[in-house]
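Written below as structure tokens is the structure these notes are about.
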Amino acid sequence: MFSVLLTYIYMDASYCFWDEYIVDVDFEEDDFDGVPALLAARKGKPRYAPPQEEFLKYSDWDYYEETPQLMALKQYLTGLIDDPDMVLDTLDEIHDLCAAEVRTQEYFDLLDATGIVFDGMEQVNKIMQLIADVHNNTRLRSNYGHTPNELRPVGKSNLIPFPSSQPIQNEKIGRNDPCPCGSGKKYKKCCGR
1 MFSVLLTYIY MDASYCFWDE YIVDVDFEED DFDGVPALLA ARKGKPRYAP PQEEFLKYSD
61 WDYYEETPQL MALKQYLTGL IDDPDMVLDT LDEIHDLCAA EVRTQEYFDL LDATGIVFDG
121 MEQVNKIMQL IADVHNNTRL RSNYGHTPNE LRPVGKSNLI PFPSSQPIQN EKIGRNDPCP
181 CGSGKKYKKC CGR
């Protein structure tokens, strides 16, 4: 099979071979350490088989489904970001983060990098609920292409629960502790001045 496939692979393709699998080249960055974990996460889940018309859309590397949840997030972001191109770029990045199943902090890092300043916890909770809705309706590799919501009835779900609104406990930094900014200096000699 691989000898036949090799004739169709372009040198600049975004996929490569690992063992018996065709995988995204992103796995190459960590010497394919993530592939066995992905295969284990998929175990026992049904493969998503889109209709032919949708399947052909995936030939465009940038294509992803524009779900109602993504459109709701886009509408909310439009109220927070003045530049329409920045809204689309941020939406693309959020979708990519959802597909990569990253930690919540990475969403905040992205929103911070776009310059969004929240007026209060109500706005933070609203955008995190919208992002959780997007995640729960995003096709995931670990779900064999299904969304977490699609697999919920099957009982094999990756739903992200909305974080409870418990107050965040800030840990007090001692004067002689390393500075949290990462400079390597003591807090009292750096940001603690």
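Quick note, the sequence shown lines up with residues 1 to 193 if you use my numbering. Note that CB positions come from ideal geometry on N, CA and C, so glycine has one too.
*Beta-carbon proximity of TYR107 to LEU91, cut-off 8 Å*: If you check the CB distance, TYR107 and LEU91 do not come in under 8 Å.
Got a sec? Which residues, its chain only, sit under 6 Å from THR78 by beta carbon, not counting five neighbours each side? Excluding positions up to five away in sequence, the list reads VAL87.
Open item on the list: Going by the DSSP bridge assignment, what does LYS186 pair with across the sheet?
Closed with: Per DSSP, PRO178.
Item to complete: Give me the Cα-Cα distance between SER194 and VAL134, rounded to the nearest whole angstrom.
Response: The shown model of the chain, from 1 to 193, leaves out residue 194, and the question about it has no answer.
Exercise. Which residue's Cα is closest to the Cα of ALA113: GLU28, ILE81, ALA72, VAL35?
Worked result: Across the set GLU28, ILE81, ALA72, VAL35, the C-alpha of ILE81 shows the shortest separation from the C-alpha of ALA113.
Which runs of the alpha helix (DSSP H) fall wholly inside the stretch 81 to 136 and span at least 4 residues, in chain order? Counting only runs of 4 or more, we get 84 to 100, 104 to 113, 121 to 135.
* **Nearest neighbour of PRO51, chosen from ALA41, ARG42, GLU65 [CA to CA]** => When only C-alpha atoms are compared, the closest one is GLU65.
Item checked: Range covered by the beta strand (DSSP E) that runs through VAL23 -> Counting along the chain, the beta strand (DSSP E) containing VAL23 begins and ends at 21 to 24.
- Where PHE17 sits in the DSSP three-state scheme: In the structure shown, PHE17 adopts extended strand secondary structure according to DSSP, grouped into three states.
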